[in-house]
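Inspection log for the structure reproduced underneath, given as structure tokens.
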Amino acid sequence: MYWIKRVLQALLIILVLLAGYRVALHFYVWLNSAERIAARSEEETRSVVHWLSPDRPLVYTFPTSRTVAIRVLSNAIFASQTVFDKPINYAIEYRLLDSQDNELEKHVYHHASKLALEEGQQQVKQLIEDRQALAVTSGQSFYVDWQQLTRASKISLRLIPEEPSLRGVVVRIHGKTPTNADDVTRTWLKLPQQWRERMTSYHTLGNSGLQPLQIANAVSYDWRKLAPQGIPGIDFDADILYESLPYNVITYDFSAEQFDLDGYYTRPGLAASIRLTNTGDLSVQTQGNSKDLQLVWHDLTQHQAPVTLSLTETDDPTQFLLPDLQPGLLVISSRSEMITTWRDELDQVVAPLHSYYYQLDETSQAEFTVQGGSDIQLDMRGPAGSTVQAKVYDSRQQLLRSEELALTGLSSGFDRLITPETRREAISDSEKRFLRLSRQAHRITLTSTEQVAVKLQSRHGTMHHQNYVCATLCDAPQTGFTEVGAWFSQSADNEFYFIEQQKILKVRLFSAPPLIEEKQTGYLSQALFVRLPVSNTALVYNPPKYFAPPQPAAPFQYAPLENLAQLQRAQLSLQQSDTALAPVPRLITLSDKGIRYTDQDIAQLDSLPDLSNTSSQHFINQGAPRDYWKVRLFQLQPGQTLIQDYRGKDKPMAIVIRPFVRGNRPEHPLVMSTQLDGRFSRAFSDEYSISRKRYALAPDQELPAFLLHPKKPALTAYPSVTLTVGSDIEQLYQLSLSAEQPMWFALLEEYATPPPQPQWWQHEY
1 MYWIKRVLQA LLIILVLLAG YRVALHFYVW LNSAERIAAR SEEETRSVVH
51 WLSPDRPLVY TFPTSRTVAI RVLSNAIFAS QTVFDKPINY AIEYRLLDSQ
101 DNELEKHVYH HASKLALEEG QQQVKQLIED RQALAVTSGQ SFYVDWQQLT
151 RASKISLRLI PEEPSLRGVV VRIHGKTPTN ADDVTRTWLK LPQQWRERMT
201 SYHTLGNSGL QPLQIANAVS YDWRKLAPQG IPGIDFDADI LYESLPYNVI
251 TYDFSAEQFD LDGYYTRPGL AASIRLTNTG DLSVQTQGNS KDLQLVWHDL
301 TQHQAPVTLS LTETDDPTQF LLPDLQPGLL VISSRSEMIT TWRDELDQVV
351 APLHSYYYQL DETSQAEFTV QGGSDIQLDM RGPAGSTVQA KVYDSRQQLL
401 RSEELALTGL SSGFDRLITP ETRREAISDS EKRFLRLSRQ AHRITLTSTE
451 QVAVKLQSRH GTMHHQNYVC ATLCDAPQTG FTEVGAWFSQ SADNEFYFIE
501 QQKILKVRLF SAPPLIEEKQ TGYLSQALFV RLPVSNTALV YNPPKYFAPP
551 QPAAPFQYAP LENLAQLQRA QLSLQQSDTA LAPVPRLITL SDKGIRYTDQ
601 DIAQLDSLPD LSNTSSQHFI NQGAPRDYWK VRLFQLQPGQ TLIQDYRGKD
651 KPMAIVIRPF VRGNRPEHPL VMSTQLDGRF SRAFSDEYSI SRKRYALAPD
701 QELPAFLLHP KKPALTAYPS VTLTVGSDIE QLYQLSLSAE QPMWFALLEE
751 YATPPPQPQW WQHEY
């Protein structure tokens with residue numbers, strides 16, 4: 001009996017030890033599997049995800065009557081890191097089934113995803129499986145809306161792998177269902193902060209904040225997670241995905257053939273362009289026959305004719321080089337469909353501009369809340385003959401103005417619409433209408449019976465428009481001058497409706513080359529001697545447009561004297577002409593030493609000029625081409641304001657200011673302010689004149705200029721400023737001009753009727 005008790009006691013101890021060991025082992029494995037691989041933020045969240053199979057689909061059941069939409073969020077999984085910038089392709093086949101498992105619809109949705117960024121950059125994603133951290137791509141999503149769910153009660157998902165390195169894809173499925181909240185505002189405030197952040201991440205685009213309608217929508221509907229049918233571990237595999245809030249879903253979703261998002265798509269009738277702001281090289285990667293590619297460089301000042309460029313080959317047969325490009329506009333066209341990707345000297349992708357539009361139709365209207373007394377710009381794109389009905393209301397919803405805006409619908413040869421499948425489609429050209437709102441204005445609605453894309457931008461009429469201006473194109477340097485755009489886009493009050501209905505259009509924007517426009521207008525200038533008594537003449541380089549027809553030379557136009565034969569021909573022509581009818585040719589000499597400036601009659605020269613002396617420059621008003629003009633400049637001091645009065649006079653089409661600064665100071669921009677005062681139209685207009693502008697003008701080293709002064713002839717030219725006086729100005733009262741540095745300038749006014757002859761104070765013989 002004694003030994004029996006001892007044996008039983010030993011067996012009991014062994015059983016207890018085995019049970020304790022098993023519990024400790026499970027606890028150890030649990031701790032080990034939950035161990036964090038990397039340090040994480042407090043904003044971390046964990047989600048249960050399910051692995052997709054290419055053979056056996058996952059099936060999810062949802063209540064048909066209470067489900068408004070289905071959201072499928074997926075992540076591609078890799079066993080090791082790959083290149084971050086390389087898109088990773090996979091597809092998900094989804095089928096909609098009824099309660100009897102009959103197939104209603106079948107679609108394939110393609111994805112191109114990129115790896116999530118490293119730790120600490122708000123896009124941390126990590127999958128824990130078998131104690132290993134796997135590489136996870138950023139989240140991709142697509143939606144199935146209520147129109148497809150009216151009869152369906154199940155959705156099945158199957159993976160179609162498109163990459164050999166793909167380990168798998170995990171998914172989370174949510175159904176959008178209405179809630180029973182009575183007071184949405186109170187319900188929203190009662191929600192925990194974390195839940196509000198998660199709802200915000202699901203329901204908004206960008207970081208513009210929630211609007212009241214979006215808050216109501218976020219509370220009125222909830223996204224409930226769906227679980228797949230079957231037994232976990234047998235019918236499907238689940239895992240834990242760690243990530244940080246907000247989700248920051250960077251979508252590269254495609255439902256058809258995938259095009260490179262950074263690529264420039266061209267075909268006959270649809271070109272692209274790149275604005276070149278610096279001198280340097282460009283490299284291009286082509287998808288297609290490079291011989292079909294046509295590249296033309298345009299000088300935006302139109303002093304040089306367009307230049308057709310040739311590609312330089314590299315070791316890669318699909319990559320080419322364009323060396324030493326000057327600032328201007330590079331126009332890209334092709335004889336066949338082609339995708340090109342452009343990179344600068346730092347190997348950075350040259351990305352095109354884009355803008356977002358709301359799509360109007362018979363069932364959709366855009367509503368905007370506006371500030372009374374502000375100015376608005378309607379940017380519209382629609383087919384020929386389409387119209388947009390614009391209505392302006394006050395705060396009591398009383399109609400203040402209603403107008404029907406007709407569109408011409410001309411096709412844009414550069415801008416294009418980017419579809420959800422990343423295909424590029426032709427779109428009509430942008431047409432703009434401007435309106436200065438009354439102080440009672442509070443709300444604007446835009447409607448159309450056709451499919452029209454609209455965008456509303458606004459500004460305050462007295463707000464400064466600050467701009468850094470170069471002769472061609474340039475990037476504003478870090479000089480403390482802050483550029484302020486003229487217009488700022490407004491989001492619609494019902495923007496979430498357009499998001500839900502997928503009626504927000506993405507449009508790629510490209511610049512068209514300047515038109516060949518032979519102006520029939522002329523320029524006049526008024527004498528400013530009374531208000532600006534300090535003036536002087538200057539010799540300014542003024543080349544014509546490359547397409548301008550030749551004009552008879554005037555006595556105030558000069559050419560550099562390059563050889564003595566040119567001077568001798570001028571003296572001979574003087575002997576053979578009637579001096580009483582023709583002005584005597586003159587010779588201007590600018591010297592770095594001694595007498596800095598002389599202006600002599602060629603008939604009274606003491607001696608012939610020494611053209612071999614590099615310290616002197618000579619100009620003569622004979623011969624061709626004569627691109628140097630002798631003009632009179634007026635001086636404007638800092639703190640001094642020139643007021644040019646236009647009351648009781650004809651309104652000019654534009655006012656041109658040609659500024660100069662004495663000396664050579666190419667490192668300093670010239671800061672200048674202008675203001676137009678007048679009676680502005682309160683109706684819709686095709687033109688808009690900005691009343692107040694402030695410029696920082698970069699020195700123009702390509703435009704030589706000399707002040708004809710005996711002591712200091714050095715003069716630095718700056719880009720001309722043109723103030724368009726549009727049809728929205730019914731009566732122009734005055735122009736105010738000031739500068740923050742001592743400035744020499746010429747003030748020209750453009751009129752439809754050219755002047756009969758130049759005024760003596762504008763061009764001097």
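Residues in the sequence shown are numbered from 1 upward in steps of one, following UniProt numbering. Backbone N, C-alpha and C fix where the C-beta goes; we use that ideal spot for every residue, glycine too. All values reported here derive from a predicted model rather than from experimental measurement.
Item, Value
"S615 classed as buried or exposed, judged by whether at least 16 other C-beta atoms fall within 10 angstroms", "exposed"
"Bridge partners - H303, DSSP secondary structure assignment", "Partner(s): none; H303 has no beta bridge."
"Contiguous beta strand (DSSP E) assignments of at least 3 residues, all confined to the segment 500-543", "504-509, 522-524, 535-541"
"Residue-chain proximity (I70, chain B), Cβ-Cβ < 7 Å", "Included in the structure is just one protein chain, with no chain B present."
"Cross-strand partners of Y358 (DSSP beta bridge)", "V454, I504"
"Given P533 as reference, the closest of L636, H460, P552, V48 once Cα atoms are compared", "L636"
"Neighbour-count burial assignment, N621, 16 or more Cβ in a 10 Å radius", "buried"
"Bridge partner(s) assigned by DSSP for H668", "H668 is not bridged to any residue."
"Pairwise C-alpha distance: G263 and E667", "37 Å"
"Residue burial classification, V662 (beta-carbon count within 10 angstroms, cutoff 16)", "Strictly speaking, residue 662 in this sequence is Arg, with Val absent from that position. Its Cβ being crowded by 16 or more others within 10 Å, R662 is buried."
"Spatial distance of A527 from E749 (CA atoms)", "12 Å"
"Distance CB(A272)-CB(Y357) smaller than 7 Å", "no"
"L17 in three-state terms, based on DSSP", "helix"
"7 Å CB neighbourhood of R459 in its chain, flanking five on each side removed", "S374, D375, A486, W487, F488"
"Contact under 7 Å by Cβ, D493 with E362", "no"
"Whole-number beta carbon distance between A426 and V392, since they are thought to touch under 8 Å", "With 8 Å as the limit, V392 and A426 do not qualify as a contact, their Cβ atoms being about 32 Å apart."
"Residue span of the beta strand (DSSP E) that contains W487, given as start and end", "It is not in any beta strand (DSSP E) - W487 carries neither H nor E in the DSSP assignment."
"Same chain, Cβ closer than 8 Å to P549, five either side skipped, listed in chain order", "E518"
"Cα-Cα separation, G280 to D627", "29 Å"
"Cutoff 6 Å; reference S738; Cβ partners in own chain excluding five residues on either side", "T641, S673"
"CB contact flag (D379, S336, <7 Å)", "no"
"Segment contact flag, the segment 726-734 with the segment 496-504, C-beta cutoff 8 Å, min 3 pairs", "no"
"Test item: CB-CB of residue 767 and V307 under 7 Å", "The question about residue 767 has no answer, for the chain in this structure spans 1 to 765."
"Rounded C-alpha distance that separates I173 from Q148", "16 Å"
"Counterpart residues of Y94 in DSSP-defined beta bridges", "H107, L157"
"CA nearest to the CA of A714, picked from P625, V171, N536, T422", "N536"
"Closest Cα partner of L587 within the set D237, R6, D601", "D601"
"Backbone CA spacing between L97 and L226 [nearest angstrom]", "16 Å"
"Which of helix, strand or coil DSSP assigns to Q326", "coil"
"Bridge-paired residues (DSSP) for G280", "L325"
"Length of the line joining the Cα atoms of Q404 and V349", "The residue you asked about is not Gln; residue 404 is Glu in the sequence shown. Near 42 Å, if we compare the C-alpha coordinates of V349 and E404."
"P659 and Y751 closer than 7 Å at C-beta", "no"
"Bridge-paired residues (DSSP) for E431", "M380"
"Residue span of the beta strand (DSSP E) that contains H464, given as start and end", "No beta strand (DSSP E) contains H464, which DSSP labels as neither H nor E."
"Classification of P232 by the beta-carbon crowding that lies within 10 angstroms, buried from 16 upward", "exposed"
"Assigned secondary structure, V7 (DSSP; H/G/I helix, E/B strand, else coil)", "helix"
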